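Reminder that position 180 of the sequence shown reads as 196 in the numbering used here, one-by-one numbering, no gaps. Below is one structure, written out as structure tokens, with a few remarks after it.
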Amino acid sequence: MPLRGPVQLFVLALIAAGPVRAQEHPFLAAYTVEVVDASIHIDWTILGGNTCDGQEVERSTDGIHFTAVHRIQGLCGDPVVPRRYDWFDTAPPELSLLHYRVKLGIDGHSSVRSVLYEQLRTTEQRFYPTPTTGEATLLLNVAPGTTVDLQVHDLSGRTVLFFQDLAGPLLRLDLGSLPQGTYVYRALADGRAFVGRFVKA
Numbered sequence: 017m018p019l020r021g022p023v024q025l026f027v028l029a030l031i032a033a034g035p036v037r038a039q040e041h042p043f044l045a046a047y048t049v050e051v052v053d054a055s056i057h058i059d060w061t062i063l064g065g066n067t068c069d070g071q072e073v074e075r076s077t078d079g080i081h082f083t084a085v086h087r088i089q090g091l092c093g094d095p096v097v098p099r100r101y102d103w104f105d106t107a108p109p110e111l112s113l114l115h116y117r118v119k120l121g122i123d124g125h126s127s128v129r130s131v132l133y134e135q136l137r138t139t140e141q142r143f144y145p146t147p148t149t150g151e152a153t154l155l156l157n158v159a160p161g162t163t164v165d166l167q168v169h170d171l172s173g174r175t176v177l178f179f180q181d182l183a184g185p186l187l188r189l190d191l192g193s194l195p196q197g198t199y200v201y202r203a204l205a206d207g208r209a210f211v212g213r214f215v216k217a
């Protein structure tokens with residue numbers, strides 16, 4: 017049975033993005049997009065000798081339809097020296113493959129850079145995919161590096177798996193040893209309990 021849900025979408029999107037990047041805008045000397053703590057950091061440098069009127073950082077969740085999420089008004093760049101700009105997207109959509117580009121006034125766009133944001137902001141936990149055929153992910157709304165203990169029980173209450181001292185918030189789980197059925201998990205992290213259920217197909 018093929019994987020469905022967020023994992024399948026992420027894999028397909030990453031394959032589609034591929035390792036080849038489009039040619040960069042001739043005004044740009046550097047341009048990076050990366051996850052930093054709970055934000056996305058966009059960093060770019062305009063080459064000396066190039067100027068533009070206004071800039072925008074644009075974001076997309078599908079790589080096709082972009083919306084401006086940050087604007088810099090006025091003259092950008094410099095006639096003589098390189099000028100560096102950066103911005104933190106502090107409210108990215110949770111658990112998403114995000115695409116960013118920089119618009120340099122009327123002079124066009126940078127290439128599109130994509131980043132997988134595997135963090136929760138508005139929900140406490142996500143388990144996917146379910147049903148699972150063996151590999152699954154449990155994502156908890158805890159600080160990076162938080163230690164997690166995880167128990168998996170069958171519906172009779174019997175403990176069938178136990179993981180200790182996992183590094184949260186993202187837990188990659190191998191559930192291939194479990195027979196088909198419905199299971200309940202209980203994760204303990206930072207003095208909090210996260211409880212849910214999943215189906216093994």
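Even glycine gets a Cβ: it sits at the ideal position worked out from N, Cα and C. Given the structure is predicted, the values throughout are model-derived calculations rather than measurements.
Where the beta strand (DSSP E) containing residue i begins and where it ends
i: leucine 156; result: 151 to 156
i: valine 96; result: That residue, valine 96, is in no beta strand (DSSP E); it is neither H nor E in DSSP.
i: valine 73; result: 66 to 76
i: threonine 48; result: 44 to 52
i: aspartate 165; result: 163 to 170
i: threonine 143; result: Strictly speaking, residue 143 in this sequence is phenylalanine, with threonine absent from that position. Unbroken beta strand (DSSP E) run through phenylalanine 143: 141 to 144.
i: aspartate 59; result: 55 to 62
Neighbour-count burial assignment, residue i, 16 or more Cβ in a 10 Å radius
i: leucine 273; result: Residue 273 is absent from the structure shown; the chain starts at 17 and stops at 217.
i: threonine 148; result: buried
i: isoleucine 56; result: buried
i: isoleucine 80; result: exposed
i: valine 211; result: exposed
i: isoleucine 62; result: buried
i: proline 108; result: buried
i: leucine 91; result: exposed
i: leucine 19; result: Residue placement at leucine 19 is flagged as unreliable, the pLDDT there being 42, under the threshold of 50; the coordinate-derived value follows with that caveat. Looking at its Cβ environment, which holds 16 or more other Cβ atoms inside 10 Å, leucine 19 is buried.
Same chain only: Cβ atoms within 7 angstroms of residue i, ignoring 5 sequence neighbours per side
i: glutamate 134; result: Leu111, Leu155, Leu186
i: proline 95; result: Gly65, Thr67
i: phenylalanine 178; result: Gln167
i: arginine 142; result: Leu111, Leu136, Leu155
i: glutamate 50; result: His57, Val131
Per DSSP, the bridge partner or partners of residue i
i: glycine 197; result: Lys216
i: valine 176; result: Paired residue(s): none; valine 176 is not in a bridge.
i: serine 130; result: His115
i: phenylalanine 210; result: Ala203
i: leucine 186; result: Leu155
i: alanine 84; result: Glu74
6 angstroms Cβ shell around residue i - same chain, five flanking residues per side excluded
i: glycine 150; result: Leu191, Gly192
Own chain partners of residue i with C-beta closer than 8 angstroms, once the 5 adjacent residues on each side are dropped
i: alanine 54; result: Thr106, Gln135, Arg137
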